[in-house]
Amino acid sequence: MNSIISAFKSAPGHLKFVSVLSIFNIAYSLIVNVTNFMKGPLSKSQVKQIKASVYEQASAAEEMGGDAADWLVETTDKLAKIVDYTNANFELNYISSILVLMVGLMGVFMMVQRKIVGFHLYIIYSLAAV
């Protein structure tokens with residue numbers, strides 16, 4: 752830990768900036784993902800409630816008409832499919848997200864120590880997190 756702190760103090764300003772922002776972002780995402788993982792998947796009634804709310808908003812927009820309403824209806828259908836898929840693959844979704852975040856955190860700490868592997872891990876994290 753002391754080596755990371757001393758490496759951070761001697762790092763260039765732009766690397767410090769990127770590192771601090773990345774650590775905050777990854778830490779926040781880890782907290783959210785672990786919390787949601789511990790809560791467990793949504794119940795069928797919760798999924799129905801979410802879908803009903805989304806479809807209600809889409810139907811209200813459809814009544815207004817126009818091109819935006821068509822787009823909103825399409826997006827609503829896609830969102831409903833995403834909710835179903837995410838809930839059906841709950842464990843895989845959250846475990847993979849947590850692992851990708853851990854890779855990113857390791858990459859940031861290795862970047863601060865100016866290890867080239869850290870930059871590679873950070874790039875992998877950046878692409879995999881999308």
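Counted the way our numbering counts, the sequence shown spans residues 752 to 881. Glycine is no exception: its CB is placed at the ideal position from the N, C-alpha and C atoms. Predicted model, so just to flag it, every value in this text is computed and none were measured.
Going by CA-CA distance only, name the one from the options that's closest to residue i.
i: Tyr779; options: Met853, Tyr873, Gln864; result: Met853
i: Ile782; options: Ser848, Met861, Arg865; result: Ser848
i: Asp835; options: Asn787, Ala820, His765, Ser794; result: Ser794
i: Lys790; options: Asn838, Lys866, Ile755, Gly855; result: Asn838
i: Ile774; options: Val868, Ala879, Tyr873; result: Tyr873
i: Tyr806; options: Thr826, Pro763, Met815, Ala819; result: Thr826
i: Val851; options: Ile867, Leu878, Glu813, Met815; result: Leu878
i: Asn776; options: Ile756, His765, Gly855, Asp821; result: Gly855
Go ahead and pull the three-state DSSP assignment for residue i.
i: Asn840; result: coil
i: Ala820; result: helix
i: Val881; result: coil
Assuming residue i and residue j make a contact with CB atoms under 8 Å, what is their CB distance in whole Å?
i: Ala811; j: Val824; result: The Cβ separation is near 11 Å, so there is no contact.
i: Phe870; j: Pro792; result: Actually they are not in contact, since the Cβ atoms of Phe870 and Pro792 sit about 36 Å apart, beyond 8 Å.
i: Phe788; j: Tyr845; result: 4 Å
Under 8 Å: do the stretch 800-807 and the stretch 826-846 share three or more Cβ pairs, one atom per stretch? yes
Would you call the stretch 765-777 and the stretch 856-869 touching, i.e. three or more CB-CB distances under 8 Å? yes
Can you confirm whether the stretch 782-797 touches the stretch 861-870 when touching is taken to mean that 3 or more C-beta pairs between the two stretches lie within less than 8 Å? no
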